[in-house]
Each structure stands twice: as C-alpha cells, then as structure tokens.
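Reviewing the structure listed below.
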Amino acid sequence: MQPIIGNFRILRPKYEISQVDGLNWITQAHALSKHLENSFLQNKKTLPELKIYMENYINRFGCKPDKIENRGTSIDDYSHQNWEEMSFFDLKKNISGAFLHKRMEFYSQVVNEIVVQFYNEIEIPPAHLIHVTCTGYSSPSSAQRLVSNKGWGNKTKVTHAYHMGCYASLPALRIGHGFILQENQFSLFNNEEIKNNRIDIIHTELCTLHFNPSLHDPSQIVVQSLFADGFIHYSLFDENYFNNSGFKNGLQVLINHEEILSHSTDAMSWDLDDHGFLMELSGKVPSIIAENIEKYIIEMSSKIGLDFNEVKNNAIFAIHPGGPKIIQFIKDILVLNELSIKNSEKVLKKYGNMSSATLPHIWESVLNSNPKKGTFVYSLAFGPGLTISGSIMRIV
Numbered sequence: 001m002q003p004i005i006g007n008f009r010i011l012r013p014k015y016e017i018s019q020v021d022g023l024n025w026i027t028q029a030h031a032l033s034k035h036l037e038n039s040f041l042q043n044k045k046t047l048p049e050l051k052i053y054m055e056n057y058i059n060r061f062g063c064k065p066d067k068i069e070n071r072g073t074s075i076d077d078y079s080h081q082n083w084e085e086m087s088f089f090d091l092k093k094n095i096s097g098a099f100l101h102k103r104m105e106f107y108s109q110v111v112n113e114i115v116v117q118f119y120n121e122i123e124i125p126p127a128h129l130i131h132v133t134c135t136g137y138s139s140p141s142s143a144q145r146l147v148s149n150k151g152w153g154n155k156t157k158v159t160h161a162y163h164m165g166c167y168a169s170l171p172a173l174r175i176g177h178g179f180i181l182q183e184n185q186f187s188l189f190n191n192e193e194i195k196n197n198r199i200d201i202i203h204t205e206l207c208t209l210h211f212n213p214s215l216h217d218p219s220q221i222v223v224q225s226l227f228a229d230g231f232i233h234y235s236l237f238d239e240n241y242f243n244n245s246g247f248k249n250g251l252q253v254l255i256n257h258e259e260i261l262s263h264s265t266d267a268m269s270w271d272l273d274d275h276g277f278l279m280e281l282s283g284k285v286p287s288i289i290a291e292n293i294e295k296y297i298i299e300m301s302s303k304i305g306l307d308f309n310e311v312k313n314n315a316i317f318a319i320h321p322g323g324p325k326i327i328q329f330i331k332d333i334l335v336l337n338e339l340s341i342k343n344s345e346k347v348l349k350k351y352g353n354m355s356s357a358t359l360p361h362i363w364e365s366v367l368n369s370n371p372k373k374g375t376f377v378y379s380l381a382f383g384p385g386l387t388i389s390g391s392i393m394r395i396v
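Heads up: the sequence shown begins at 1 in full-length UniProt numbering, then just goes up one per residue.
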C-alpha cells in the first residue's frame, strides 16, 4: 500500500520582508552589536564606520536578492530599526538579543494561534496528527492543545517529529505511513470498515526567532540571510480514502530512503544556545554532498526498479535549498534540465529556506503547476548527521 499526500494549505507569517530590506536590517543589527561589544576599546571604529564595514561584509557573504526576493517572519522587530523598542533585539540590553526562554514563550504563542487557524473549519478529526518543527518546543505542545480543546482526545493521536532540521518532512511521511498500515491492520483485525485513515502533518518553523547579531562568522551571515518562517498543513491518506475524497491530484509516495553518511557528524549541527538555537555549517558540506549524491539517488531509484538516468529528464525535482547555491549545485552534479528544478527555485525565491516546511511548500507548488499524471517527483534534503533524506513520488 502506497500512501498519497495532498490537501496542502499554507499560512504565511505576519510580516513579509524584502531581501533588500532584510539585508539592510541585518547590517544595522550587526554594526550596532559590534559597536556595543567594542565600547570599552580606545581605538574602536565609529558606528558609521562599522555600518559601512558590515554592509560590505554582509553583501559578500549574505544570500543575494536575485536568489531570494522575500522572507516571512512572525516578529515585529524586523519591520523597523527603533532598537530600544525591540521585543527581542534591544541590543543595548544584550548584544546577542533575548534569552532562549523569552524566544520559546513567543514561539508557543505564535504556533498555538497558527495551529488553531489551520483547524478553524475542520470538524472531522484525523486519526493521527504529526507536528514537525526544529525551531521551538513546549509541552503540552500546540498539537496536543488543539486535540484537547477540540475534544478529539479519544480519536486523534499526537506525535512530535522534532529537531531533525531541514529534512524532517520525509521522516514525518515515513512515520505517517506506519500509522496508516497500523490503522488498516486494526480495522482488518476487528473486521471493521476503514472509516478514517487520514494522517495530518503540520510544520511550524520560526527560523527568524533565533537571530543572534553578535555572531559575525561568514557561515552565520549565510544562515541569517537564508532562513525564514513558514507554516504548512497537509494530509497523508491511504489510496482508497484519497480516491473517495475528491481531490484534484496528489503525490503517491513510492519510496522513502535515508542515509547517514559515515564520518560526517561535524559537517552540520543544530544545538540550543543561551540566546536561541545555533546552526554550525562546515565548508566541507558541498564536497560531502558531491561525493555521495549520485550514488545515493541511483540506489534509491533501483530499489523500486527505476533507472535514474532513464527517468530523470522527465522527472520533477524538489530539492531543499540548504544554501543559496545548492539547487544549481545538485542540478549540475546530476545533469538535470532547468525545467525540472523550477518549483524548487520558485519556492526559495518567494519564501527563503523555511527549514522542514520548505519541501512541503515545493510539493504544493508542484501540484499547483498542473503536472502530468504519472510524473515522477524526486525529493532531496539534508541535515545533521550528515543525513541525506529523499523520496520518489508519482503524480496521481
């Protein structure tokens, strides 16, 4: 039994910031943080001098507006530069911004509201609800609060798929597939008709909550100018349930394949810090991907009887933009055509990198592009481990 995903719904963050304005804001924040950090030095640079220096520095290492046009954020601070009025980035109080506990309080507030919005008009409870995030946690979670407040506690089971990073949508599908098989087995065992085998998946990512302007390393500038907030909801169905639901199209999951590459644990990390979550990226990530990606994708294809080199020219590729150049980088390694990556580039340009919510946004874009039935859709994402996670789906 091969499950099908569909019924995608997106909620956008409260604030949309152009990349031009976003880079300017980051420049001002870094300059002020550095100025305050150096306030005790005798031969320190003036604030105007630091602004010029940081502008050149961030223009060099930051993600350019030709790759990302806009990014969403749930935080009002990014919409102005009145630093003493900031909720999280009053840098005169702390050059690193607010402490983690304050950021997590805000995360819970925003995500509780988002989850309620997703279910405002949904009266039929899912059999399972999987909440995916790597940018904030509280217990009880927003998913548990929803189920409690809706009175669904004896109908819906909640599972948390947390802290895996950008590739987490694929493990979430794997978890959901297991739940579908389990529910079908229970129904067969009890000789009952399968009435509700819908697995809902919600991604709530507040990446911009973890900005720290006192971290000036080039890799941090990349991260701070790449990531954005994103919220998306979709469902995983067994085939019969999907066919009876009247949806226009969906993505049937043929295989879900994942590997942790040996001796690569130092390539990427995502840890908790005093002032938010902290991502560390090694410069060797591109070379690790380059050495492994072709073998990985050929092996994944062969597991379901596909010759990758025969099908790739007519396939669609949903590639998670782990960096501003990663989509083109993988395209060149795998010798893909430009048309096959258009949805991946479109989502990056329109929204930025929304961590685990990005691949589902690309899947939604694929389904809205009127794709031909039967077309294969390859998904690829990367995360700490170093983990390569992928899937092959088919348009139905």
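Here a beta-carbon is modelled for each residue, glycine too, at the ideal position from N, C-alpha and C.
Judged by beta-carbon spacing, Val377 lies within the 8 Å limit of Leu251, meaning their Cβ atoms are closer than that value.
Between Phe382 and Gly305, the CB-CB gap reaches or exceeds 8 Å. Counting the other Cβ atoms within 10 Å of the Cβ of His128 gives 16 or more, which makes it buried.
In terms of Cα proximity to Ser340, the closest of Ile255, Glu55, Asn38 and Trp363 is Trp363. Going by beta carbons, Thr159 and Pro125 fall outside the 8 Å limit. Contact between Tyr107 and Leu206 holds: CB atoms are separated by about 5 Å, below the 8 Å threshold. For the 8 Å CB-CB criterion, His216 and His30 form a contact. Per DSSP, reduced to three states, the secondary structure at Ile395 is strand. Between Ser391 and Val132 the beta-carbon gap is near 15 Å, outside 8 Å, which marks them as no contact. Taking the CA atoms as reference points, Glu55 sits about 49 Å from Ser148. In this structure, the CA atom of Ser214 is about 10 Å from the CA atom of His275. Beta-bridge analysis with DSSP links Tyr15 to Thr73. Here DSSP, grouped into helix, strand and coil, assigns Met354 to coil. The DSSP-derived three-state label of Asp332 is helix. Secondary structure note for Lys102: its alpha helix (DSSP H) is the uninterrupted segment Leu100 to Phe118.
One Cα belongs to Ile395, the other to Trp152, and the distance between them is close to 32 Å. In this structure, DSSP gives Phe211 a state outside helix and strand, which the three-state scheme calls coil. With a cut-off of 8 Å on Cβ pairs, the stretch 234 to 248 is not in contact with the stretch 268 to 283, counting fewer than three such pairs.
Using a Cβ-Cβ distance cut-off of 8 Å, the stretch 281 to 296 and the stretch 332 to 339 are in contact, since at least three pairs of beta carbons, one from each stretch, lie closer than that value. In this structure, the alpha-carbon of Tyr167 lies about 43 Å from that of Lys44.
Sixteen is the threshold: when 16 or more other Cβ atoms of the shown chains lie within 10 Å of the Cβ of Val110, as they do, the residue is buried. Between Thr358 and His320, the gap from beta carbon to beta carbon is short of 8 Å. For Glu259, DSSP records a beta bridge to Ile388.
Judged by beta-carbon spacing, Leu100 lies beyond the 8 Å limit of Ser33, meaning their Cβ atoms are not closer than that value. Apart from the 5 residues on each side of it in sequence, Leu254 sits with its Cβ closer than 7 Å to the Cβ of Gln2, Ile304, Ile392, Met393 and Arg394 in its chain, given in chain order. In the structure shown, Asn94 adopts coil according to DSSP, grouped into three states. Taking Arg198 as the centre and dropping the five residues before and after it, the same chain places the C-beta of Pro126, Ala127, Ser235, Phe237 and Tyr241 closer than 7 Å to its C-beta, in chain order. The residue from Arg103, Ser74 and Ile95 with its alpha-carbon nearest to that of Gly230 is Ser74. For Tyr162, the uninterrupted beta strand (DSSP E) segment begins and ends at Lys157 to Tyr162.
Glu205 has Gly230 as its beta-bridge partners, per DSSP. For the pair Phe61 and Ile289, the CB atoms are not nearer than the 8 Å cut-off.
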